[in-house]
Amino acid sequence: MPSSYIEVRVLCPVGWHEVVADVLAIGPCTSVVLGRPNLGVDPAPDGFDWVRTFFPSDEDTRALREGIANGLASVAESTGVDELAGLEATFHELPAEDWATSWKKSWKPFRVGNLAVVTRDWNRAPKPDDVRLVLEPGGAFGTGRHATTRTILALLQERDVAGARVLDAGTGTGILSVAAARLGAANCLGFDIDPRSAIEGNDLARTNGVAERCTFRIGDFGVLDERDTAFDVVLANIYSDVVQAFATDLAARLGPTGWFAFSGCPDRHREPTLAAIEAAGLHVEEVRQRGRWLTFVGRHAG
Ligand SMILES: C[S@@+](CC[C@H](N)C(=O)[O-])C[C@H]1O[C@@H](n2cnc3c(N)ncnc32)[C@H](O)[C@@H]1O
Numbered sequence: 000m001p002s003s004y005i006e007v008r009v010l011c012p013v014g015w016h017e018v019v020a021d022v023l024a025i026g027p028c029t030s031v032v033l034g035r036p037n038l039g040v041d042p043a044p045d046g047f048d049w050v051r052t053f054f055p056s057d058e059d060t061r062a063l064r065e066g067i068a069n070g071l072a073s074v075a076e077s078t079g080v081d082e083l084a085g086l087e088a089t090f091h092e093l094p095a096e097d098w099a100t101s102w103k104k105s106w107k108p109f110r111v112g113n114l115a116v117v118t119r120d121w122n123r124a125p126k127p128d129d130v131r132l133v134l135e136p137g138g139a140f141g142t143g144r145h146a147t148t149r150t151i152l153a154l155l156q157e158r159d160v161a162g163a164r165v166l167d168a169g170t171g172t173g174i175l176s177v178a179a180a181r182l183g184a185a186n187c188l189g190f191d192i193d194p195r196s197a198i199e200g201n202d203l204a205r206t207n208g209v210a211e212r213c214t215f216r217i218g219d220f221g222v223l224d225e226r227d228t229a230f231d232v233v234l235a236n237i238y239s240d241v242v243q244a245f246a247t248d249l250a251a252r253l254g255p256t257g258w259f260a261f262s263g264c265p266d267r268h269r270e271p272t273l274a275a276i277e278a279a280g281l282h283v284e285e286v287r288q289r290g291r292w293l294t295f296v297g298r299h300a301g
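Numbering (numbering that gives the first Met the number 0), first residue to last: 0 to 301.
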């Protein structure tokens, strides 16, 4: 379904991209990108570069714009760097495009371990041990290329998920649930506040022949009930502030011998996120880093 998006642009002093990107990494904004929007836009002045993100036009609220403005306004104080004073976002309506298919322009099939993430029309001969995952994402987060998603796709293969019950918080397109089911999980429950997520998750599960083992719900932790407990695997590739806020809820859903992987944490939020996970009674066995992104992996403490 074609829909329109708003582009958020911030002119940022070179070397401070990550700090600005963190401010923009809030729902419902999608990925943060660096660089000039297009050739029709003047290049950034010397010593500056563009940091941009996007959100759907129907999520354009005064609160969101103020949230971004306030986040940018606090950067100078939180970093103690004067040149970051006066950061401003501008908002630009993008022409409507068919976002359900436009992702294909830059997306290429890829492999994580034995998992070959491919499009429906990919017709290269599979390798003998290939587990194929056919991806056709629409607007929800999760084309599989993000460092955090790939880290969890690798973990699902390193730690056995055969026969497991899997909880997938912030499921996006459902990629982690469907991958787990393709790798042998008995059933997977994904949930996400993005209303497109359940539709896309169900489509992805059907496309990959695992619909009867995957369930998707729309909403946050409130969509879980008392039966949704003792999971063998709890995944949360979600923003680090959400992991911190809901660490206790995540821990409560993990079975006594199960393992968890919580991702989506930028390196600079390591300490408070680790502290919240441990305060929830979980033991972090491993912190895996890919680029600036961390994934915390572990089990119940004790
Ligand atoms: C970084 S994306 C990950 C998507 C997918 N799991 C993947 O690995 O590609 C994080 C997802 O968490 C969802 N999300 C954010 N806060 C949430 C909350 N409180 N409850 C449920 N989902 C949430 C967002 O809508 C988004 O789809």
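Here a beta-carbon is modelled for each residue, glycine too, at the ideal position from N, C-alpha and C.
Checklist entry - How many angstroms separate the CA atom of Val19 from the CA atom of Ile151? => result Cα atoms of Val19 and Ile151: separation of roughly 26 Å, rounded to the nearest angstrom.
Item to check | Cα-Cα separation between Ala24 and Glu225, rounded to whole angstroms | outcome: When rounded, the separation of the alpha-carbon atoms in Ala24 and Glu225 is 32 Å.
Checklist entry - Residues in its own chain within less than 6 Å of Ser176 by CB, not counting five upstream and five downstream? => result The beta carbon of Ser176 sits closer than 6 Å to those of Asp167, Thr170, Cys187, Gly189 and Cys213, all from its chain and outside the five residues before and after it, given in chain order.
Item to check | N-terminal and C-terminal residue of the alpha helix (DSSP H) that Glu225 is part of | outcome: Per DSSP, Glu225 belongs to no alpha helix (DSSP H) and is neither H nor E.
Next on the checklist: Please classify Phe54 as buried or exposed, where buried requires at least 16 other C-beta atoms within 10 Å of its C-beta.
Outcome noted: The residue in question, Phe54, is buried, as its Cβ has 16 or more Cβ neighbours within 10 Å.
Checklist entry - Are the region 286-299 and the region 259-270 in contact at 8 Å, needing three or more beta carbon pairs? => result Taking 8 Å as the limit for Cβ pairs, the verdict is that the region 259-270 does touch the region 286-299.
Item to check | His299 versus Arg267, Lys107, Arg195 and Val233, residue with shortest Cα-Cα distance | outcome: Between His299 and the set Arg267, Lys107, Arg195 and Val233, the nearest pair of CA atoms involves Val233.
Checklist entry - What residues are listed by DSSP as bridge partners for Ser262? => result The partner list for Ser262 (beta bridge, DSSP) reads Asn236.
Checklist entry - Within 10 angstroms of its Cβ, does Gly79 collect 16 or more other Cβ (buried), or is it exposed? => result The residue in question, Gly79, is exposed, as its Cβ has fewer than 16 Cβ neighbours within 10 Å.
Checklist entry - Can you round the beta-carbon distance between Phe109 and Val7 to whole angstroms, since I take them to be within the 8 Å contact cut? => result Incorrect: roughly 28 Å between the Cβ atoms, too far for contact.
Checklist entry - Roughly how many whole angstroms lie between the Cα atoms of Pro1 and Arg205? => result Residue confidence for Pro1 is low, a pLDDT of 39 falling below 50, so the modelled location carries little weight and cannot support an answer.
Next on the checklist: Suppose the cutoff is 7 Å on Cβ atoms and the five residues either side in sequence are ignored; what does the same chain contact list for Val50 look like?
Outcome noted: Residues Val9, Cys11, His16, Val19, Ala20, Leu23, Val31 and Leu33 of the same chain have their beta carbon placed closer than 7 Å to that of Val50, with the five preceding and five following residues left out of the count.
Next on the checklist: Using a 10 Å radius around the Cβ and a threshold of 16 neighbouring Cβ atoms, would you call Gly162 buried or exposed?
Outcome noted: Its Cβ having fewer than 16 others within 10 Å, Gly162 is exposed.
Checklist entry - Name the DSSP beta bridge partners of Gln288, please? => result Its beta-bridge partners are Leu293.
Item to check | Where the beta strand (DSSP E) through Ala24 begins and ends | outcome: It is not in any beta strand (DSSP E) - Ala24 carries neither H nor E in the DSSP assignment.
Next on the checklist: If the criterion is Cβ atoms closer than 7 Å, does the pair Pro265 and Arg287 meet it?
Outcome noted: No. Outside cutoff.
Checklist entry - For the beta strand (DSSP E) that Ala68 lies in, which residues bound it at each end? => result In this chain, Ala68 is not harboured by any beta strand (DSSP E); it is covered by the alpha helix (DSSP H) spanning Arg61 to Ala72.
Next on the checklist: Looking at Ile217: is its Cβ nearer than 7 Å to the Cβ of Ala197?
Outcome noted: Taking 7 Å as the Cβ cut-off, Ile217 and Ala197 qualify as a contacting pair.
Checklist entry - What does a CB cutoff of less than 6 Å around Thr29 pick up in its chain, not counting 5 residues either side in sequence? => result Only Phe53 meet the Cβ criterion.
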